[in-house]
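Chemist:
Residue numbers (this note's numbering): 2 to 251.
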């Protein structure tokens with residue numbers, strides 16, 4: 002698991018993955034941890050969010066010095082079919098690592114509790130097929146995936162931000178929204194937040210609104226995380242599609 006920013010740690014997502022049977026190793030390149038050259042010995046890769054940008058800075062340098070190496074790991078994970086999950090910035094890096102496009106969103110920042118809409122393609126996805134049609138999520142971003150990588154499968158959308166969740170290959174998922182946050186994390190983000198000031202939002206009201214949906218977020222995304230863990234451990238048949246109705250002729 003890669004923590005890009007100390008303010009966005011694994012939090013509830015880590016608890017859920019451990020519940021699913023995974024043993025977590027958290028690497029913090031922001032604190033000097035080196036990224037591995039490859040992913041041998043790992044059963045999954047999870048990349049968390051952060052305040053950095055997935056696209057180059059104005060002088061052409063990466064958003065952070067370790068992003069090129071991290072994008073390389075994401076490409077190796079997809080190529081070798083290692084179960085992978087990118088959250089917010091992690092999803093954006095999954096996209097840019099595969100020639101997708103991330104930009105400052107022309108729609109403006111998206112902050113606070115929200116819902117996204119599941120696409121029809123999610124019905125055949127080993128993780129998203131069990132997600133409700135309109136699940137609760139938490140948003141906190143100014144950048145947007147404006148072009149998905151070639152061949153990506155779009156799994157969830159919203160009105161202003163069409164690329165909310167996607168899959169690359171059959172084992173790598175990107176979520177533009179947050180599922181890992183608890184109320185304390187949101188409260189930390191809201192303190193002296195330039196983003197909330199830009200939007201004119203009252204920090205206390207934003208924190209309270211997020212707190213009200215925490216149980217709803219957990220109801221959807223805790224089972225999602227446990228299924229991801231099961232897939233990583235080889236305990237989830239990713240070709241097992243539910244059939245609620247009999248086939249014609251049977």
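The beta-carbon is built from N, C-alpha and C at its ideal position, and this holds for glycine as well. Computed from a prediction, not measured in an experiment: that's the story for all the values here.
Hey, how far is the Cα of residue 101 from the Cα of residue 66?
Modeler: Taking the first residue of the chain shown as 1, we reach residue 101 at position 100. Taking the first residue of the chain shown as 1, we reach residue 66 at position 65. Approximately 20 Å between the Cα atoms of the pair.
Chemist: Report yes or no: do three or more beta-carbon pairs, one from the segment 55-70 and one from the segment 79-86, lie closer than 8 Å?
Modeler: Contact between the segment 55-70 and the segment 79-86 is absent, because fewer than three Cβ pairs lie under 8 Å.
Chemist: Here's the rule: buried if 16 or more other CB atoms are within 10 angstroms of the residue's CB, otherwise exposed. What is residue 252?
Modeler: The displayed coordinates of the chain run from 2 to 251. Any statement about residue 252 would go beyond what the structure contains.
Chemist: Consult DSSP for residue 142 and reduce its assignment to one of helix, strand or coil.
Modeler: Along the chain shown, one-based indexing puts residue 142 at 141. Looking at residue 142 - three-state DSSP - the assignment turns out to be strand.
Chemist: Can you tell me whether residue 131 is buried or exposed? The criterion is at least 16 other CB atoms within 10 Å of its CB, across all chains shown.
Modeler: The residue given as residue 131 occupies position 130 in the chain shown. Exposed is the call here.
Chemist: For residue 23, collect the residues of the same chain with a Cβ closer than 8 Å to its Cβ; drop the 5 residues on either side in sequence, then sort them by chain order.
Modeler: Against the chain shown, residue 23 aligns to sequence position 22. 44, 45, 230, 233 and 234, listed in sequence order.
Chemist: Please determine, among 137, 98, 70 and 218, the residue with the shortest C-alpha to C-alpha distance to residue 151.
Modeler: For the purposes of this step, residue 151 is taken as the residue at position 150 of the chain shown. It is 98.
Chemist: Counting only the same chain and skipping the five closest in sequence on each side, list residues whose C-beta sits under 8 Å from that of residue 120.
Modeler: For the purposes of this step, residue 120 is identified with residue 119 of the chain shown, where counting begins at 1. So the qualifying residues of the chain are 155, 156, 157 and 158.
Chemist: Less than 8 Å between the beta carbons of residue 40 and residue 181, yes or no?
Modeler: Sequence index remark: in the chain shown, residue 40 carries index 39 (1-based). Sequence index remark: in the chain shown, residue 181 carries index 180 (1-based). Not in contact: residue 40 and residue 181 (Cβ atoms no closer than 8 Å).
Chemist: At what residue ranges does the segment 85-118 contain a whole run of the beta strand (DSSP E), taking only runs of 3 or more?
Modeler: Counting only runs of 3 or more, we get 85-88, 102-105 and 111-116.
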